[in-house]
Amino acid sequence: MWIIKRDLLLAIRRQSDVLTTLFFFVIVVSLFPLSVGPEMNMLRAMAPGVVWVAALLASMLSLNRMFSNDYIDGTLEQMLLSPQSLSLLVLGKAFAHWLVTGIPLVIMAPILGIQYDLPAEALLVLTITLLLGTPVLSLIGAIGAALTLGLRGGSVLVSLLVLPLYIPVLIFGAGAVEANMAGIGFDAHLSLLGAFLLASLALAPWATASSLRVSLE
Amino acid sequence: MLQGINLACVRGDRELFKDVSFSLETGSLMQVRGPNGSGKTSLLRMLCGLSSPAAGEIRWHGETIHPLNENYFSAMTYIGHLSGTKDDLTVIENLRISSALSGYEISENQASEALENLGLGGREQLSVKVLSQGQRRRVGLARLLTCKTSLWILDEPLVALDAMAVKFIQGLLERHLQQDGMVVMTTHQEIDIGAASIVQLQLA
Amino acid sequence: MTINWFKYSSPASFYSLAGKMIPIFTIAAVVSLVAGLYVGFFVAPTDFQQGEAYRIIFIHVPAAWMSMFLYVVMAFWAGIGLAFNTRLSSMFATAIAPTGAMFTFIALWTGALWGKPMWGTWWVWDARLTSELILLFLYIGFMSLQAAIDDPRRADKAGAIIALVGVVNIPIIYFSVQWWNTLHQGASVSINQAPSMASTMLLGMMIMVFSSWMYSIAIILKRTRVIIIERESHTAWVAELQKKEFIR
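Protein chains in written order, with our numbering: chain U, 854 to 1070; chain D, 80 to 283; chain R, 107 to 354.
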């Protein structure tokens, strides 16, 4: 797919964008011990939630870039006029966005988990949930990014639109890690996250494509 | 054949134009004229299917364009105000990627040849952000050399181009029309094209 | 007698029809509000478990119901507007949003008032209250998106998409919150569990629900009229209307 290749190439040419998101994630997670104190038991209990909320915010922060640059230079217009299916192009773009922002978060998360003294197994569960959950964030986020294209204060608006929709992913993502730490099974959580992923793969590109058509009219 | 029937355009609560009708045969060019703000760009965006008319309909070979989008898009090339190039990509990457996204992949050689023709030879590997306005415009227009579509919709294609390039583009349009292509364009310049028929569409 | 309903789908004729209907719904709303409050606060018996505090449910429950219904109704009209490009249905959706948000807010507020005597705290992360809070976020998202877009056609369509995405997500969110709540051992008594509904309680509740509907319809029609005037200000019929009103 040319669109994935293109977006990755652009990301490589502008590495600073990718790194900013990643460091944002690291800083937010590191702020919590500073604000609530370094008591290890409490930190361990908080860790899944903190890492997940930070991942949500970091991935949301980068949403605006998904379409706005292409919108400004006119390449988005050209994509809309492409004989290829727009939903498929959107899917490609969301996938590239996930490779560029989601994957670094997934890789970084266990390291941050160690800061919070999570046991090894919980670290593994955390990584798996992020691996399943972050693509959902990119897919749902694409809808918000497409709707707010070119609007005043678009980046704040996108958070209002998208964050409530992220809640189920947050609940089950952080929930799986907590369940693991409490010694209960977390299979159900993972299958639900998987179900969210499939549902958003099926529906979000289509909703995003219609949003783009609306925004560019 | 491209037809517009009683088209109307509303921006905010202002009506830009209404009851605009035309019919464009193969091998002919339509020049859309009118003062600034008369809705030229809006009309072109409507014709290429980016926006829908407030009233009226657009037909391509007798069928309304909205339901048959994908067929229509593969027969049409639109070059708008914006150059449609990415600053961070090189000239040749831009051309190859934008062609591929429009549904036709081209080889490195085809791309260089097209760029050569537009006077961008030797600059293929430069990143677009170092180019001048006119050169960027040429990168965008290079798509006309590689695409195989029959309908071209061009919004001010001659703006920012030097005399040589203007001449080249006019020659290109002439050849396209001779091969039974169709062109809809806006320009403030006088166009000097030996086409069989040039239709003028005046917006108030 | 047959009524030509399509006639009323044009903003101009809807405007005058709505003008005639608003007083009817307003009167119905006020009368039933007084009746409902009277039944709820004076006739209905004191609950043996929750004491007098339970009486807030006569406001809370209808508000919570309305907040959810209205979101679905809003998404429905927005969707119709998107699919068939009917301006009036989109205006309807825009008019519904603030009323829906207001009911959501009332439901949250009364929930907190009830929570203080029952739970000893203003706010408990009870599944229903939490869902209601998220619903408020969804309403706010819809309204701020529409407010940020200048072109009304784009605002209608963008709003419709986010409303539909929201409507698909509400069951998922509700279910997730429910799950999350049972997992974390939430509050044991929930506000909507009036243990044994005496028939007068039920009567009071139903009257209040009716009143909420009447109020919603009246205010939504009123707001739709305002939106119509705003959007159609360049048309001939509005200009004529203005002249008439001015002379009067």
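No residue lacks a Cβ here, since even glycine has one placed at the ideal position from N, Cα and C. These numbers were taken from a predicted model, which means no experiment stands behind them.
query	result
Applying the criterion that 16 or more other CB atoms from any shown protein chain within 10 Å of the CB defines a buried residue, is Ala189/R buried or exposed?	exposed
I'd like to check one pair, Ser173/R with Thr210/R: are the Cβ atoms closer than 8 Å?	yes
Would you decide whether Pro1058/U is buried or exposed? Buried here means 16 or more other CB atoms lie within 10 Å of its CB.	buried
Please classify Asn115/D: does DSSP put it in a helix, a strand, or coil?	coil
If we count the other Cβ atoms within 10 Å of its Cβ and call it buried at 16 or more, is His267/D buried or exposed?	exposed
Spell out a yes or no on whether the segment 134–142 of chain R and the segment 315–335 of chain R are touching, meaning 3 or more CB-CB pairs, one atom from each, closer than 8 Å.	yes
Assuming the contact rule is C-beta atoms closer than 8 Å, Thr330/R and Ala201/R should be a hit. Round their C-beta distance to whole Å, please.	4 Å
Residues of the segment 255–266 of chain R in Cβ contact with chain D at a cutoff of 9 Å, in chain order, please.	Asp256, Asp257, Pro258 and Arg259
With a cut-off of 8 Å, does the C-beta of Ala293/R fall near any C-beta of chain U?	Per-residue confidence for Ala293/R stands at a pLDDT of 49, beneath the threshold of 50, marking its modelled position as unreliable; the derived number appears in the next sentence. Not one chain U Cβ lies under 8 Å of Ala293/R.
If you measure beta-carbon to beta-carbon, which residues of the segment 908–936 of chain U are closer than 7 Å to chain R?	none
For the segment 131–197 of chain D, list the alpha helix (DSSP H) runs that are entirely contained and at least 4 residues long, ordered along the chain.	148–152, 170–180 and 187–196
May I ask you to report which of helix, strand or coil DSSP gives Ser121/D?	helix
Evaluate Phe876/U with the Cβ neighbour count: other Cβ atoms within 10 Å of its Cβ, from every protein chain shown; 16 or more gives buried, anything less gives exposed.	exposed
Give the residues from the segment 1027–1042 of chain U that approach chain R closer than 7 Å (Cβ to any Cβ), ordered along the chain.	Gly1028
Does the pairing of the segment 197–207 of chain D with the segment 885–895 of chain U give three or more beta-carbon distances under 8 Å?	no
Below 8 Å, can you find three or more Cβ-Cβ pairs linking the segment 223–240 of chain D to the segment 146–164 of chain D?	yes
Quick check on DSSP: helix, strand or coil for Trp231/R?	coil
In three-state DSSP terms, what is Thr228/D?	coil
Can you list the alpha helix (DSSP H) stretches of 4 or more residues lying completely in the segment 887–967 of chain U, in chain order?	893–914, 917–926, 928–933 and 939–950
Closer than 7 Å by beta-carbon distance: list the chain R residues that pair up with Gly1006/U, in chain order.	Ala254
Considering Leu103/D, what are the terminal residues of the beta strand (DSSP E) in which it resides?	Arg93 to Leu103
Strictly below 9 Å CB to CB, what residues from chain U border Ser173/R?	Under the 9 Å cutoff, chain U gives no residues; its nearest Cβ is about 14 Å from Ser173/R.
Any idea if Asn1033/U is buried or exposed, counting beta-carbon neighbours within 10 angstroms, 16 or more meaning buried?	buried
Output needed for Ser294/R: all residues of its chain with C-beta closer than 8 Å, excluding positions within five of it in sequence on either side, in chain order.	Annotation note: pLDDT 49 at Ser294/R (below 50); position unreliable, coordinate value reported separately. Hits under 8 Å: none found.
Taking C-alpha atoms, which residue in Lys222/R, Thr192/R and Ala141/R lies nearest to Met311/R?	Ala141/R
With distance defined between alpha-carbon atoms, name the residue in Glu1031/U, Gly1036/U and Val1011/U nearest to Phe920/U.	Val1011/U
Does the beta carbon of Phe877/U come closer than 8 Å to any beta carbon on chain R?	no
Taking Cβ to Cβ, would you say Met261/D is nearer than 8 Å to Thr105/D?	yes
Using 10 angstroms around the beta-carbon of Thr127/R, count the other beta-carbons present and answer buried if the total reaches 16, otherwise exposed.	One point to set straight first is that residue 127/R is Met, not Thr, in the sequence displayed. Its Cβ having fewer than 16 others within 10 Å, Met127/R is exposed.
Residues of chain D with CB under 7 Å from Trp855/U, in chain order?	Ile176, Ala179 and Leu180
Indicate whether at least one CB of chain D lies closer than 8 Å to the CB of Arg867/U.	yes
Mind checking Thr108/R: buried by the 16 CB within 10 Å criterion, or exposed?	Bear in mind that the predicted position of Thr108/R carries a pLDDT of just 47, short of 50, making it too unreliable to give a figure here.
Flag Leu862/U as yes if its beta-carbon sits less than 8 Å from any beta-carbon of chain D, otherwise no.	yes
For the putative contact between Ile993/U and Val978/U, defined by C-beta atoms under 8 Å, what is the C-beta separation to the nearest angstrom?	Their Cβ separation, rounded to whole angstroms, is 22 Å, which puts Ile993/U and Val978/U out of contact at 8 Å.
Just to make sure I have the definition right: I need the residues of chain U whose C-beta is within less than 9 Å of the C-beta of Thr164/D. Which are they?	Asp926, Gly927 and Thr928
What did DSSP end up calling Gln281/D once you bin it into helix, strand or coil?	strand
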